[in-house]
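Residue numbers (the working numbering), protein chains in the order written: chain A, 5 to 401; chain B, 5 to 401.
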């Protein structure tokens, strides 16, 4: 048993290559096979909600299924905090893991690629900034004005900015109305933001493990805790770290916190119990001697830290803190299917309960579904297939 | 409204002074008034469960009520991770806050000081090592061999060591059998450890917000997260920091994590909602601009970091990780009253459920009581009075 393997990696394959499209390119041809190609579209410029000018803005994405003649069968899939566009399929037949919602997306599945044209998009400021298949603009991208990474100069962004950039990608693909916008966790925040920002384009939203219409104070405070280890790492240097010497230890600790919060006591007890990391180094003998779960979390986090960026982490955490639709919820015309996991310790079920009530108070038609599993937040990815019947019915309604 | 005041301080008053007793001193006289005096007893030497030799070992404590002629009316009160001996009363009439379980301890209260002789004890390696009224041996104490603080040389300790040292204090006070051992959170771990270590002395255990008979893997992993900011602070220097320049930022971040985990969404939403810390510095404009809850947590944690010690923090976290009565639970003869808080996000109610089952499987008579309040772990302190009826009946049984 490899203990690091027992911590869900959530990492997607790095195999494959990115197809670059010209900004004025025609829509590429897509195959319905499970083998997926990462693509990139580049916006010449973009001004953030807070007024910062960015450009050029590459956007990474990938597609499954075919766009129909009427161009009205598209479903946009938006990812969670640590995710990428890779929602389904495999980049390479040998990839061990498929995209994060592969159980929901594919031929004959709830999001049926024989019927729908499905688009997964990297968020602006994607966390996996050092992943070879993540090409969206991040603080690790070169600033054309300086020919150095944006780094600490990358502006604060909001979920609003993520969806406005995605809107430009859809324009490029010739899509003026979606069948649905869907996503887990931060992806469901993006999905509701889509419905509020572009109400005419979004008739349906499916969100899972995603809280409500604004980030609550307790989660705001948690996001601060996630960031704290990065700020304490002396290599962080207020964000002005060189790409070759990043605040790796702080970023690893931050990723450990995220991973642990997204899992559960049931998971931890079943896999690790009270085993020491090394029987020859009992935890009771030295402060440094670890339990098995500690070593596993550290190993996974350090592997992930290789592909992620500390400045991107801080901005994504801020974007989630700033998420707030309270003044715009009345604009939503979509109907909503909202899915929760009973054992979720990150997006506590009570957030969703209050969020659903807020949506209903604003006149939004909301259906709910809850998973009784014990694995915590990540069951919204690992057991997403259990939402299939509800989601299939919802997409047909 | 002072926002730092809205984060429970959990700090006890620093007013008053410590009465030192000779190692062979006779039991001091106690008053039943609410004014409390901190006391200290010193063990000449102590060898830890892992074989480290320590000495002298001062032990801080305080008493409420009178020891009876039969010397059989004593109740030992053991504190939580960040607590001290100050369970009830006030050191000084002007103290704003009373001891943490004052609602349960006093004349006519559930732990009736007109009837019981109540003893609160600082844990060995108390976290509040820089608090003027905490005198128990900690890593900040002078090592008589070097005349410098123990610091990084302080050994790993276990909950077992805490209770063995307490046993010596009771011997000094002439107490050979207790009426009960009680405590919240880490205090309830100590209470069960007492019942397993000295079964003939402990007929009753009352534990609140305290998990089960061994720390589970998920909590082990959380304790690692608590410690991570300290290890990242460059001033930590592997524990070899000078007392005048400690890893203050790392310790503050660690204390923020503890505080947040011990509170709840309901508390956060009610007091802070989505207010910015400063209306002139909106969080959406700069990464550094904070929400109100962030500033409040930081302020409280920094105040607490002034009184606490990073090396003590790491060893207490380790002691809780190492807590494990599975091999000794059969020794327990006490009956147990086990109290939980439904909204507890630190000691999840499921830990207690499993713990109660483990105790019952070992033949222990366990009653349970649960608070339905929404304030999280700390409701086990803030609303402890709600356990009064159950506890009163239990202490009479």
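Glycine residues also receive a C-beta, built at the ideal position from the N, C-alpha and C atoms.
Roughly how many whole angstroms lie between the Cα atoms of residue i and residue j?
| i | j | result |
| --- | --- | --- |
| residue 405 (chain A) | residue 305 (chain B) | Nothing can be reported for residue 405 (chain A), as the shown portion of chain A is limited to 5 through 401. |
| residue 324 (chain A) | residue 142 (chain A) | 16 angstroms |
| residue 114 (chain A) | residue 320 (chain B) | 50 angstroms |
| residue 128 (chain A) | residue 170 (chain B) | 57 angstroms |
| residue 148 (chain B) | residue 50 (chain B) | 14 angstroms |
| residue 283 (chain B) | residue 164 (chain A) | 22 angstroms |
| residue 104 (chain A) | residue 242 (chain B) | 39 angstroms |
| residue 137 (chain A) | residue 42 (chain A) | 7 angstroms |
| residue 186 (chain B) | residue 279 (chain A) | 29 angstroms |
| residue 90 (chain A) | residue 208 (chain B) | 57 angstroms |
| residue 75 (chain A) | residue 159 (chain A) | 34 angstroms |
| residue 48 (chain B) | residue 60 (chain B) | 4 angstroms |
| residue 100 (chain A) | residue 92 (chain A) | 13 angstroms |
| residue 56 (chain B) | residue 155 (chain B) | 15 angstroms |
| residue 342 (chain B) | residue 298 (chain A) | 29 angstroms |
| residue 180 (chain B) | residue 73 (chain B) | 13 angstroms |
| residue 157 (chain A) | residue 63 (chain A) | 19 angstroms |
| residue 52 (chain A) | residue 352 (chain B) | 41 angstroms |
| residue 150 (chain B) | residue 397 (chain B) | 51 angstroms |
| residue 401 (chain A) | residue 329 (chain A) | 25 angstroms |
| residue 300 (chain A) | residue 393 (chain B) | 45 angstroms |
| residue 205 (chain A) | residue 184 (chain A) | 9 angstroms |
| residue 28 (chain A) | residue 322 (chain B) | Reliability of the predicted coordinates at residue 28 (chain A) is poor, the pLDDT of 40 falling under 50, and the value obtained from them is presented with this limitation in mind. For residue 28 (chain A) and residue 322 (chain B), the distance between alpha carbons rounds to 59 angstroms. |
| residue 189 (chain A) | residue 372 (chain B) | 36 angstroms |
| residue 40 (chain A) | residue 146 (chain A) | 27 angstroms |
| residue 356 (chain A) | residue 344 (chain A) | 7 angstroms |
| residue 82 (chain A) | residue 191 (chain A) | 4 angstroms |
| residue 358 (chain A) | residue 350 (chain A) | 15 angstroms |
| residue 86 (chain B) | residue 130 (chain B) | 8 angstroms |
| residue 226 (chain B) | residue 360 (chain A) | 30 angstroms |
| residue 161 (chain B) | residue 331 (chain A) | 53 angstroms |
Rounded to whole angstroms, how far is the Cβ of residue i from the Cβ of residue j, which I believe are closer than 8 angstroms?
| i | j | result |
| --- | --- | --- |
| residue 316 (chain B) | residue 133 (chain B) | 5 angstroms |
| residue 257 (chain B) | residue 236 (chain A) | 6 angstroms |
| residue 291 (chain B) | residue 182 (chain B) | The Cβ separation is near 54 angstroms, so there is no contact. |
| residue 65 (chain A) | residue 124 (chain A) | 6 angstroms |
| residue 266 (chain A) | residue 221 (chain B) | Their Cβ separation, rounded to whole angstroms, is 15 angstroms, which puts residue 266 (chain A) and residue 221 (chain B) out of contact at 8 angstroms. |
Using C-beta distances below 8 angstroms, list every residue in its chain close to residue i, excluding the 5 sequence neighbours before and after it, in chain order.
| i | result |
| --- | --- |
| residue 239 (chain A) | 245, 249, 250, 251, 252, 253, 254 |
| residue 34 (chain B) | Its pLDDT being 43, under 50, residue 34 (chain B) is placed unreliably by the model, and the measurement read from it follows with that caveat. Here the set comprises 67, 68, 69, 70, 71, 121. |
| residue 203 (chain A) | 335, 336, 337, 338 |
| residue 152 (chain A) | 146 |
Can you find the residues in the same chain that come closer than 6 angstroms, C-beta to C-beta, to residue i, ignoring five residues on each side of it along the sequence?
| i | result |
| --- | --- |
| residue 167 (chain A) | 194, 197, 198, 201 |
| residue 108 (chain A) | 114, 115, 388 |
| residue 289 (chain A) | none |
| residue 270 (chain B) | 378 |
| residue 118 (chain B) | 111 |
| residue 327 (chain B) | 163, 193, 219 |
| residue 126 (chain A) | 64, 88, 89, 138, 140 |
| residue 45 (chain B) | 25, 63, 173, 176 |
| residue 296 (chain A) | 7, 276, 279, 281 |
| residue 311 (chain B) | 132, 134, 135 |
| residue 416 (chain A) | Any question about residue 416 (chain A) goes unanswered here, given that chain A covers just 5 to 401. |
Please work out which residues of its chain come closer than 7 angstroms, Cβ to Cβ, to residue i, disregarding the five sequence neighbours upstream and downstream, and give them in chain order.
| i | result |
| --- | --- |
| residue 348 (chain A) | 213, 380, 381 |
| residue 362 (chain B) | 216, 217, 333 |
| residue 234 (chain B) | 240, 251, 254, 255, 258, 314, 317, 318 |
| residue 294 (chain A) | 281, 287 |
| residue 390 (chain B) | 375 |
| residue 364 (chain A) | 370 |
| residue 268 (chain A) | 347, 349, 378, 379, 380 |
What does residue i pair with, by DSSP beta-bridge criteria?
| i | result |
| --- | --- |
| residue 110 (chain A) | A:116 |
| residue 295 (chain B) | B:280 |
| residue 328 (chain B) | B:218 |
| residue 43 (chain A) | A:23, A:65 |
| residue 342 (chain B) | B:211, B:372 |
| residue 358 (chain A) | Answer is none; residue 358 (chain A) lacks a bridge partner. |
Any heavy atom of the ligand FAD closer than 7 angstroms to the CB of residue i?
| i | result |
| --- | --- |
| residue 391 (chain B) | Here there are no bound small molecules, and the ligand FAD is not part of this structure. |
contact_flag[the segment 212–220 of chain B, the segment 369–388 of chain B] where n(CB pairs < 8 angstroms) is 3 or more: Enough Cβ pairs lie closer than 8 angstroms, so yes.
Inspect the CB distances between the segment 223–230 of chain A and the segment 260–271 of chain A and report whether three or more fall short of 8 angstroms. As far as the Cβ criterion goes, the segment 223–230 of chain A touches the segment 260–271 of chain A, which means the pair count is three or higher.
Pairs of beta-carbons, one from the segment 335–344 of chain B and one from the segment 356–373 of chain B, closer than 8 angstroms: are there three or more? yes
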